[in-house]
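J.: Going line by line, the protein sequences match chains A and B.
For the record, in the first sequence the residue sitting at position 31 is 31 according to the numbering used here, with numbers rising by one throughout.
With the second sequence counted from 1, adding 1000 to any position gets you the numbering used here.
Built from N, CA and C at the ideal position, the CB exists for glycine as well.
None of these values were measured; they are calculated from a predicted model.
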Amino acid sequence: MAEQTALLELVNVVKHFDISGTFLDQITFKAGRITRNRTIVRAVNGISFSIQRGETLSIVGESGCGKSTLARTVLGLYPPNSGRILYGAKRIDNLSSQAMLAYRSKMQMIFQDPYASLNPRMTVKRTLEEPVKYHNKGIGASAVEEKVSEVMRLVGVDPKWAERYPHEFSGGQRQRISIARALMVDPEFVVADEPVSALDVSIQAQILNLLMDAQEQRKLTYLFITHDLSVVRHISTRVAVMYLGMLCELAPAKEIFSTPRHPYTKALLSAVPKLGAKDPNYIRLNGEVPTPINLPPGCVFHGRCNYADKRCKTEIPITTKLSEPTRVACHRVEEGKL
Amino acid sequence: MGHLLEVNGLEVKFALRFGDLTAIDGISFTLDKKEKLGLVGESGAGKSVTGFAVINLISKPGFISGGSIRFEEHELNRLPEEKMRSIRGNRISMIFQDPMMTLNPVLTIGTQMIETVLAHRDASKSDARDIALEKLRKVYIPSPEKRLEQYPHELSGGMRQRIVIAIALLTNPALIIADEPTTALDVTIQAGIMELLSQLCETENMGMILITHDLAVVSQVTQRIAVMYAGRIIETGPSDYIVNCPRHPYTIGLINSLPGARKAGSRLTQIPGMMPNLTAIPPGCAFHPRCRLQEPVCKKSRPALEPVSAPEHFAACHQVDKTVDQDKLLNLLNEDNQ
Ligand SMILES: Nc1ncnc2c1ncn2[C@@H]1O[C@H](COP(=O)(O)OP(=O)(O)OP(=O)(O)O)[C@@H](O)[C@H]1O
Ligand SMILES: Nc1ncnc2c1ncn2[C@@H]1O[C@H](COP(=O)(O)OP(=O)(O)OP(=O)(O)O)[C@@H](O)[C@H]1O
Ligand code: SF4
Ligand SMILES: [Mg+2]
Ligand SMILES: [Mg+2]
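#1: Would you say E3(A) faces chain B, with C-beta separation under 8 Å as the test?
#2: So which residues of chain B does M212(A) contact, with C-beta pairs closer than 8 Å?
#3: In the DSSP output, what is E1075(B) paired with across the bridge?
#4: Let me know the beta strand (DSSP E) ranges lying completely inside the segment 188-234 of chain A, each 3 residues or longer, listed in chain order.
#5: Just by C-beta distance, which residues in the segment 1210-1229 of chain B are closer than 7 Å to chain A?
#6: Spatial neighbours of P273(A) within its chain, please: CB distance less than 8 Å, with the 5 preceding and 5 following residues excluded, ordered by chain position.
#7: Going along the chain, which residues of its own chain have a beta-carbon closer than 7 Å to the beta-carbon of M1(A), five neighbours each way excluded?
#8: Following a CB-centred definition, is H227(A) positioned closer than 7 Å to any heavy atom of ligand 1?
#9: I'd like to know whether the C-beta of Q52(A) is nearer than 8 Å to at least one C-beta of chain B.
#10: Applying the 10 Å Cβ sphere with the 16-neighbour rule, what's the burial state of L24(A)?
#11: Apart from the five residues on each side of it in sequence, which residues of its chain come closer than 7 Å, Cβ to Cβ, to K1047(B)?
#12: If you draw a straight line from the alpha carbon of T35(A) to that of R238(A), how long is it in whole angstroms?
#13: Contact defined as beta carbons within less than 8 Å: I believe F1029(B) pairs with D1020(B). What is the distance between those atoms, to the nearest angstrom?
#14: With 8 Å as the threshold, decide whether the Cβ of G1237(B) is near any Cβ in chain A.
#15: Which runs of the alpha helix (DSSP H) at least 4 residues long sit entirely within the segment 49-77 of chain A? Give them in chain order.
#16: For Q1199(B), count the other beta carbons within 10 Å of its own beta carbon; 16 or more makes it buried, fewer makes it exposed. Which is it?
#17: Please return the same chain residues whose Cβ sits closer than 8 Å to the Cβ of E3(A), not counting the five positions on each side in sequence.
#18: Please report the distance separating the alpha-carbon of C312(A) from that of H331(A).
#19: Going straight from the alpha carbon of A329(A) to that of T265(A), what length do you get?
#20: Which partner residues of K321(A) appear in the DSSP bridge assignment?
#21: Could you have a look at A2(A) and say whether DSSP puts it in helix, strand or coil?
#22: How would you call F111(A), buried or exposed, if buried means at least 16 neighbouring beta carbons within 10 angstroms?
#23: Hey, could you find the ends of the beta strand (DSSP E) K1013(B) is sitting in?
#24: Please compile the residues from chain B whose C-beta is within a distance smaller than 7 Å of the C-beta of D200(A).
#25: In whole angstroms, what separates the C-alpha of E150(A) from that of E163(A)?
#26: Out of R1292(B), G1207(B), S1068(B) and N1172(B), which one is the CA nearest neighbour of G1273(B)?
#27: Could you spell out the range, first to last residue, of the beta strand (DSSP E) harbouring R1232(B)?
#28: DSSP on E9(A), reduced to helix/strand/coil?
#29: So, for I235(A): in the same chain, excluding its five sequence neighbours on each side, which residues have a beta-carbon less than 6 Å away from its beta-carbon?
#30: Which residues of the segment 1242-1259 of chain B have a Cβ closer than 8 Å to any Cβ of chain A? Give them in chain order.
#31: For a test of your reading of the model: does the CB of H302(A) fall under 7 Å from any non-hydrogen atom of ligand 2? Yes or no.
#32: Figure out for me which residue from D186(A), R284(A) and M107(A) has the closest Cα to the Cα of V144(A).
#33: Can you tell me the Cα-Cα spacing of P1142(B) and T319(A), whole angstroms?
#34: Just to confirm, is the Cβ distance from A271(A) to A1264(B) under 8 Å?
#35: Do the CB positions of T1188(B) and L268(A) come within less than 8 Å of each other?
#36: Among K278(A), A6(A) and M246(A), which has the Cα closest to the Cα of P296(A)?
Have a look at this one:
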């Protein structure tokens, strides 16, 4: 039922990168036979979930687990290899760039590094004007100007500074400007990829407050990506935990922090540093994260899991619904043993 | 007996075209064997420069312009470079955020470790190899013999940082300076590295200065914390006190701006503004333009570190008497943010 009103829905989204190089790079001679080897990075491997209007869904997981790839695929920056992406119940993963244009202004992205994502040779004013003019052909100059100062005030940058260049601002101010740029076209849906990871905590608090305020005032829906679990706990409605391109667990934020179910979620949360906790007892995992080039068979987590048994090594666990909103992909949880 | 390390009134300047900039402005601290001291603060506070100054590795245009650094009965900033180099290599080791600052990408781990041993002591090549293996085991590197043959790029980030720690141990140092050693690593790996460093201080009888911007991390690892702001230590004391009853308004603000400090979803307590640039450090208390408690005296005279309620707990603030009642103070801070 709730799924019907979802703003965004992902069904079995797969995104792989072929990094084999040219045809000649792929050919090898072995035992008198020519073989062709392809190297595929399996970044996102069949992810399904939906995002409700007005919520903040956070994606967490360790470096390389596919968070940014998933975000870019959702926004249509990468075409998925398979699966479907629906926005307001309409498929958007197979649209022409012309047809996609209508969605581009509804969906905006904020990046981790405000320095790299702002054009150093453009004043703040031009940076902010550009998307409005692009998406509203024929808009009057005074309307644009008004919009620029309105949004600058909203993000807490004095409109008097509109003629300045990015290098004249601090990191926190630059991130405010990239948030402003995303808000210029009145989006409904904002993907924020590590928007506060490069900032100091006192500045991070300012930016998180700004993002929460903007959400409230403009009824925004967020897909929030970060590896910082204390940030996630603070701002999320629901949390999705990824490991090697798969979804391990998806649950309301409160639940995931109070009763994590998947063995990986448990280990991840136990390792988060806590202010003033002496002798932190974290769950030690075996081995290291395998590369997404050679995905382990069965459950992708089985080699590191403290509870893996035979079934885990061969059969891929599917995400099962536990108590309604919580979904977990683990055989042992499904069997009621964890 | 004296301390392992005693830094007194340390001052570091950068000679720039338009005059000297003071990066470190008279900081003092001590460290004993087996003791761990956390140096925390936001970007640009002077943490790394302090670390480099202790090993007399400030590079031009920087220079140590005052103060003394006593280490194992040596006055480090008066030693001839040759003597200093031998102390730096043998008695003090430094670990950086990026393991590749230490590792050479074109040499195997074995070659690098063996060469380091041979450079520091008289040993046969096979003895050196044994020492390398012993240290690799100390940092829990699986199959150490195999690692000796590998190149840095064949190892994961966490594994590389363990190798760097093993290299740091090769000369049996008495002091380790670790500058953001886990900032680039995932939390599950960070937890392991922090546990390892802590444990090594005990077993190897070393002192450690842990430099990081992450208060939660230091609070779990170190006995004492020194908080830096604009090149000065503004509060220092036992970690428990710093975390649970901070007295400097900046430390209080910092701890309360952490997303874990307040109810999920509520506005975070933010410190207005940002840390000043070295070229524009405000007179008096450097924090005064951002401080809710400032009085005229704060702009005029620089507060010294003075003892506060708990033993060994010091804060540099003219208004420190007003920070006893933290609830009242927090209400004030949050009023500002509405
Ligand atoms: N354009 C690309 N071409 C080839 N491989 C890619 C590309 N983009 C990402 N990858 C690979 O896909 C995997 C997932 O990467 P992704 O950037 O999505 O991870 P992430 O979860 O965002 O990590 P991080 O936390 O480090 O940002 C990684 O192994 C990465 O090397
Ligand atoms: N070579 C240099 N020339 C001029 N100024 C410098 C130089 N190196 C450092 N500084 C300045 O010294 C101050 C302290 O820098 P430092 O690197 O110690 O900060 P930090 O606390 O380690 O910050 P971060 O958390 O970003 O690593 C900064 O203002 C920095 O700009
Ligand atoms: S499915 Fe098996 S291996 Fe995977 S997390 Fe659950 S118990 Fe561990
Ligand atoms: Mg990413
Ligand atoms: Mg530094």
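T.: On the basis of the supplied data:
#1: Residue confidence is low: E3(A) scores 45 on pLDDT, short of 50, so the model does not pin down where it sits. Its coordinate-derived value is still stated next. Judged by the 8 Å Cβ criterion, E3(A) is not in contact with chain B.
#2: G1265 and R1267
#3: R1070(B)
#4: 189-193 and 221-225
#5: H1213, D1214, L1215, A1216, V1217, S1219 and Q1220
#6: P280
#7: Low local confidence applies: a pLDDT of 44 at M1(A) is under 50, so the model's placement there is unreliable, with the coordinate-based value given in what follows. There are no such residues.
#8: yes
#9: no
#10: exposed
#11: L1039, G1041, I1211 and M1228
#12: 46 Å
#13: No, F1029(B) and D1020(B) are not in contact; Cβ-Cβ is about 23 Å, not under 8 Å.
#14: no
#15: 67-74
#16: exposed
#17: Bear in mind that the predicted position of E3(A) carries a pLDDT of just 45, short of 50, making it unreliable; the figure below should be weighed with that in mind. Excluding positions up to five away in sequence, the list reads E9 and S50.
#18: 7 Å
#19: 11 Å
#20: R327(A)
#21: For A2(A), the predicted model reports a pLDDT of 45, less than 50, meaning its position is unreliable; a value from the coordinates is still stated below. Helix.
#22: buried
#23: L1005 to L1016
#24: E1042, S1043 and H1213
#25: 15 Å
#26: R1292(B)
#27: R1232 to P1238
#28: strand
#29: T56
#30: V1243, N1244, G1253, L1254, I1255, S1257, L1258 and P1259
#31: no
#32: D186(A)
#33: 33 Å
#34: no
#35: yes
#36: M246(A)
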